[in-house]
Amino acid sequence: MKTLYKIVTLILFTSSLALAQNVEFEKSNFPDKKDLLKEAKKNLEEGKDAFELGKKEYDFVLEGYVEKNKYYPVSRKDYQRAGDIYFKQAQPFLMKAQEFNPNNAELNYMLGVINFNLNPQSDAASKYLEKAVTLNGKIPLDVTYFLGWALQFQLKWDDAIKYYQVYLNTLSSDAKGNALAIEDVNKKMGECRVGKREVANPQRIFVDNLGPNINTSYPEYSAFISADESMMVLTARRENSTGGKLDEGDSWPFEDLYQSFKVNGKWTPVQNFGPLVNSPEHDATSGLSSDGTTMFIFKYKEKDGGDIYVSNLTGNTWSKPEHLNKNINSKAHESSVSLSYDSKRLYFISDREAGLGAGDIYYSDKDVKGDWGPAVNIGPSLNTKYGEEGVFIHPDGKTIYFSSKAHSTMGGYDIFKSTFENGKWGEPVNMGYPINGPDDDVFFVISGSGNHGYFASSKQGGYGDKDIYRITFLGPEKPPVVMNEDNLLASVAAPVSEFKAEKIVSNGPKMTILKGVVSDAKTYKLLEAAIELIDNSLNEVIATFKSNSTTGKYLVSLPSGKNYGIAVKKDGYLFHSENFDLKASEEFQEVEKNIALKAIEVGQSIVLKNIFFDFDKATIRPESANELDRLIKLLIDNPTLKIELGSHTDSKGSDEYNQKLSQSRSQSVVNYLIGKGISTDRLVAKGYGETMPVATNDTEAGRQENRRTDFKILSK
Amino acid sequence: MRKIVLVGLGFLCLNMSAQDTVKIKTALTSDQEAENAYNAGLELMTKKDYNMAIEQFTKAISFKPNFDKAFCNRGAARYEAKSYDASIDDYNKALAINPINTDAFFGKAQSFYAINKKDSCVAYLSKTTFIDDTYSKAFYLNGQINFEAGDYKYAISEYDKAIANKKDYAYAYNDRASAKKQSGDEAGAIIDYEKAISIDPKLFFAYNNLGSCKRNKGDNAGAIEAYNKAISIKPDYYIALNNRGTAKLNLNDFAGAIADFDAALKIKPNYVLAMNNMASAYIKKKDYKSATEWANKAIQADAKLAAAYVNRGIAKQMLKDEEGACSDWKKASEYGSAEGKRYTSGFCD
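Protein sequences, first through last, are from chains A and B.
Just so you know, the numbering used here puts 448 at position 170 of the first sequence, and the rest follows in order with no gaps.
Just so you know, the numbering used here puts 172 at position 157 of the second sequence, and the rest follows in order with no gaps.
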């Protein structure tokens with residue numbers, strides 16, 4: 279985009295414009311306003327000097343960017359506010375000159391470029407640039423490029439394409455360096471076509487500002503939420519930030535991390551994380567685990583290009599942020615992070631060398647020692663040469679959200695969604711308008727239910743600068759249900775009814791969120807306990823979590839398609855087990871399960887929910903192994919314990935049959951334990967048949983509860 | 016509709032009354048009293064004075080104890096007077112005198128149907144058609160029983176037989192059309208409804224049913240035309256008004272739809288279907304506040320109306336009352352609505 283001052287014959291651009299006469303700042307044009315003209319020319323010169331300095335800086339940054347990246351900037355962020363200081367200086371002088379003479383092409387051009395850089399979403403830029411084009415004057419050729427982009431920002435897609443096309447026509451494909459410029463203009467025209475399509479088919483969403491408890495006149499952005507939306511962490515640049523310093527680069531306070539909680543459906547006023555997490559430098563949110571107990575923090579130091587740190591919540595205290603290892607942090611810039619539901623894979627953004635472009639999505643798997651392994655580029659299906667940012671892996675484990683300047687963006691960064699199917703990431707799908715627009719749309723996160731998203735925006739009507747907004751996804755339009763009836767049978771009085779509603783398809787995530795509080799069954803004391811998530815089909819512990827030591831709260835995400843065992847364990851207590859057999863088609867659900875752990879005392883009993891038998895037989899199924907091993911460990915750790923293994927049936931079948939089956943099953947469990955070295959005299963097998971139901975036998979759910987194996991402590 | 020039953024299936028033994036009357040006139044003089052009473056009974060039947068008719072038939076029987084037709088018609092009168100057990104008793108007596116009296120068999124079947132003993136009804140219909148395989152009314156009633164049991168295929172075969180034996184059997188055409196409709200053959204249904212109407216242009220319900228078939232096929236303009244006919248024959252036909260409103264709603268004629276639902280409610284103020292559909296119309300009109308108000312009314316009238324909970328949930332969601340929407344969809348789901356279940360699992364946390 280070299281600034282080429284040429285005499286532009288605007289008729290070459292387009293024949294459709296009604297051309298007006300350019301009015302130069304000359305005596306002949308203002309014969310009776312000598313003094314005013316003098317003043318205006320002075321303003322013009324001062325303004326022009328500052329503008330040219332700004333434009334020079336802008337062009338310098340631009341050339342450097344193109345040289346480095348081999349493509350033209352796509353996002354506002356790419357310009358790094360180049361020239362803005364000079365543009366701000368120039369603006370008041372040029373505005374005074376404009377008041378005197380609004381019909382000077384060059385002046386309109388300068389005001390257009392300034393407004394485009396300082397406030398691209400306003401219509402001021404296109405207003406001045408359009409006027410500059412219609413005035414038959416001496417202005418740079420890039421006026422139509424800026425005008426196209428300014429119109430793109432205002433969603434005037436067809437007009438934008440028109441001016442881009444005019445600019446494209448001025449670029450000779452033979453000229454040196456024009457290939458990238460041509461590629462850029464073609465890309466932008468493509469963005470406009472996408473924008474036109476998306477705006478014509480807007481997403482059904484509500485977008486709501488989160489209000490004064492979260493947002494202020496200062497910038498708030500980069501919000502992350504726990505999967506159940508009970509907590510939020512965010513970044514803000516407020517006057518009272520830690521250290522109280524201003525960033526020299528932009529004169530804004532340094533970034534700090536803040537948190538808020540949802541209480542009775544409302545977000546509480548944000549609280550600063552305090553000096554343990556925040557420093558006097560930039561500290562920004564970078565990611566949050568779905569249970570809200572692991573937070574990733576971005577800290578910028580020039581020598582490391584910006585790195586990721588991690589802090590963990592224990593009780594009410596967040597730990598001092600720790601630098602992630604070199605597999606994650608390189609000398610390049612690392613920013614956004616997202617942890618998989620089982621905490622075993624970390625997705626992150628890095629612009630390290632050997633990537634596919636500036637800012638790629640990588641992932642790293644936790645090794646057996648619990649350290650992050652080598653970074654793997656997620657590949658070209660998601661990464662592009664234009665750069666990706668703001669990665670977020672949904673707790674369902676197979677839906678990824680990220681921002682990209684490529685794919686089918688409608689301008690700048692757009693948010694995309696991709697689903698992992700058949701061993702690969704599917705084609706990224708634009709999240710659509712009005713989530714995305716022609717400006718940068720980044721740092722989008724979504725709740726476990728998929729019903730709410732959060733993002734930051736500078737849109738008008740907010741509290742100032744960037745604010746956090748919540749998106750409510752309404753899903754496809756829900757057709758109302760109509761009721762009709764007909765007299766189908768001539769000789770029957772009662773009409774026959776029918777109810778009609780068109781079917782709609784829910785595209786929501788297929789997963790379960792299990793949450794609750796762990797406490798002592800007798801004292802109700804809230805407990806920190808280990809929560810193991812087991813894939814029963816593999817008999818493998820796939821993740822371990824902890825409940826919070828102060829609140830006893832826990833949250834586990836369970837993507838559909840697996841039979842999960844959940845074991846809650848704490849020393850001195852009997853373990854508690856749960857089973858969730860989630861079919862692949864299982865829709866989203868949130869299950870609240872408060873767990874009361876029982877101390878190891880005589881008479882205490884627990885149900886072993888992950889012991890499975892073959893249908894109508896006493897053969898223990900292999901997926902019971904993990905639960906039985908837990909029981910064995912309990913007996914080894916407490917060598918004096920004597921227990922009764924009880925088995926129960928539902929009421930189907932005869933009493934005699936059920937009694938016999940339950941006795942055989944409890945004996946099978948006892949035999950298994952004996953086979954693993956537990957002394958016979960510590961174990962009693964007892965079949966209860968259908969005599970001790972814990973639920974109704976009239977429903978399948980009740981019968982399932984009644985079919986169970988439990989154990990009781992007989993002596994300690 | 017009950018009137019239709021009377022015309023269609025009642026007065027079992029009247030069909031034979033004309034020729035029987037002739038017979039009776041040539042009978043023995045000693046039976047003259049019985050004949051007079053019998054004929055007086057028939058006359059009273061036509062005037063729907065069933066109790067007096069029963070008295071006359073009883074008188075005829077007292078003069079002539081083996082008068083099977085008097086028993087048969089007294090059975091018919093008792094049926095009309097809703098004394099179903101007594102009517103069965105009379106038909107039994109008629110059959111004791113004449114074991115192949117098909118009218119008595121059919122009458123007995125009809126009475127069993129009335130007291131919801133459908134197995135017995137079917138058994139006597141079977142005896143009727145075994146003796147007389149041209150007895151169209153028996154095939155018709157058997158078609159109806161199978162229709163009600165959801166066996167539309169069998170019902171259609173029975174209606175076929177009824178029509179084969181009575182070419183102008185408008186009711187059978189209507190009901191066969193309905194059986195075809197229920198089994199998914201909307202095109203076949205339309206042909207049969209149109210035939211029923213061609214036989215009897217006053218069949219307002221056949222017009223209504225035709226309209227619903229056309230509406231289901233997406234021919235809303237054709238449906239409105241058919242509903243118009245039904246309403247012109249029977250201006251207080253609120254069912255057709257409600258249906259016409261739905262067809263108008265499908266054409267996004269919100270004002271027309273609302274006017275029709277309103278008219279149906281003027282005729283039947285507690286008509287929950289129209290109340291619910293009012294809510295649907297306002298949802299389509301994007302007037303969610305009015306939609307909520309109408310769904311409220313429907314729920315007030317029927318606290319278990321799943322469709323109204325679904326609709327109120329939709330309106331509440333659009334009014335940003337997410338919690339209220341989810342609460343309504345959960346209720347709808349509890350009351351058996353598939354939409355309620357789907358929206359709860361898809362959109363509620």
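Glycine is no exception: its CB is placed at the ideal position from the N, C-alpha and C atoms.
Computed from a prediction, not measured in an experiment: that's the story for all the values here.
Quick check on residue i: does DSSP put it in helix, strand or coil?
i                      : result
residue 530 of chain A : coil
residue 537 of chain A : strand
residue 184 of chain B : coil
residue 47 of chain B  : helix
residue 818 of chain A : strand
residue 708 of chain A : strand
residue 960 of chain A : helix
residue 59 of chain B  : helix
residue 953 of chain A : helix
residue 995 of chain A : Residue 995 of chain A lies beyond the stretch modelled for chain A, which goes from 279 to 994, so this question has no answer here.
residue 4 of chain B   : The structure shown does not extend to residue 4 of chain B, since chain B is modelled only from 16 through 364, so no value can be given for it.
residue 713 of chain A : coil
residue 315 of chain A : helix
residue 763 of chain A : strand
residue 586 of chain A : strand
residue 322 of chain A : helix
residue 578 of chain A : coil
residue 333 of chain B : helix
Which partner residues of residue i appear in the DSSP bridge assignment?
i                      : result
residue 920 of chain A : A:993
residue 655 of chain A : A:640
residue 926 of chain A : A:967, A:986
residue 234 of chain A : This structure cannot speak to residue 234 of chain A, because chain A is shown only from 279 to 994.
residue 731 of chain A : A:724, A:749
residue 842 of chain A : A:813, A:858
residue 667 of chain A : A:681
Return the chain-ordered list of same chain residues with a C-beta closer than 6 Å to the C-beta of residue i, the five sequence neighbours on each side being excluded.
i                      : result
residue 120 of chain B : 139, 142, 143
residue 620 of chain A : 820, 821
residue 336 of chain A : 360, 361
residue 346 of chain B : 324
residue 308 of chain A : 315
Select from the options the residue whose C-alpha is nearest the C-alpha of residue i.
i                       : options                    : result
residue 405 of chain A  : A:428, A:888, A:937        : A:428
residue 348 of chain A  : A:742, A:417, A:462        : A:462
residue 1041 of chain A : A:805, A:417, A:310, A:444 : As shown, chain A starts at 279 and ends at 994. That puts residue 1041 of chain A outside it, with no answer to give.
residue 656 of chain A  : A:792, A:588, A:635        : A:635
residue 254 of chain B  : B:78, B:287, B:133         : B:287
residue 416 of chain A  : A:474, A:493, A:301        : A:301
residue 569 of chain A  : A:400, A:594, A:509, A:559 : A:509
residue 584 of chain A  : A:595, A:560, A:600        : A:560
residue 100 of chain B  : B:81, B:77, B:124          : B:124
residue 152 of chain B  : B:178, B:225, B:171        : B:178
residue 376 of chain A  : A:346, A:323, A:967        : A:323
residue 118 of chain B  : B:98, B:134, B:149         : B:149
Just to confirm my understanding: we take residue i, look at its own chain, exclude 5 residues before and 5 after, and list those with CB closer than 8 Å. What are they?
i                      : result
residue 529 of chain A : none
residue 887 of chain A : 843, 855, 856, 857, 905, 986
Is there a Cβ from chain E that is less than 7 Å from the Cβ of residue i?
i                      : result
residue 180 of chain B : Among the protein chains of the structure shown, namely A and B, there is no chain E.
So is the beta-carbon of residue i under 6 Å away from any non-hydrogen atom of the ligand COA?
i                      : result
residue 267 of chain B : In the structure shown, the ligand COA is absent, as is every other ligand, since no ligand is present at all.
Apart from the five residues on each side of it in sequence, which residues of its chain come closer than 7 Å, Cβ to Cβ, to residue i?
i                      : result
residue 169 of chain B : 161
residue 353 of chain B : none
residue 93 of chain B  : 69, 101, 102, 105
residue 356 of chain A : 343
ask   = Can you give, in chain order, each stretch of the alpha helix (DSSP H) that sits fully within the segment 448 to 495 of chain A and has at least 4 residues?
value = 456 to 478
ask   = Which ranges would you report for the beta strand (DSSP E) in the segment 866 to 910 of chain A if only whole runs of at least 3 residues count?
value = 867 to 870, 873 to 875, 883 to 885
task = Ignoring anything shorter than 3 residues or poking outside the segment 197 to 272 of chain B, list the beta strand (DSSP E) runs there in chain order.
result = none
query = In the segment 377 to 444 of chain A, which residue ranges form an unbroken alpha helix (DSSP H) of at least 4 residues, counting only runs that do not cross its ends?
reply = 383 to 396, 402 to 412, 421 to 431
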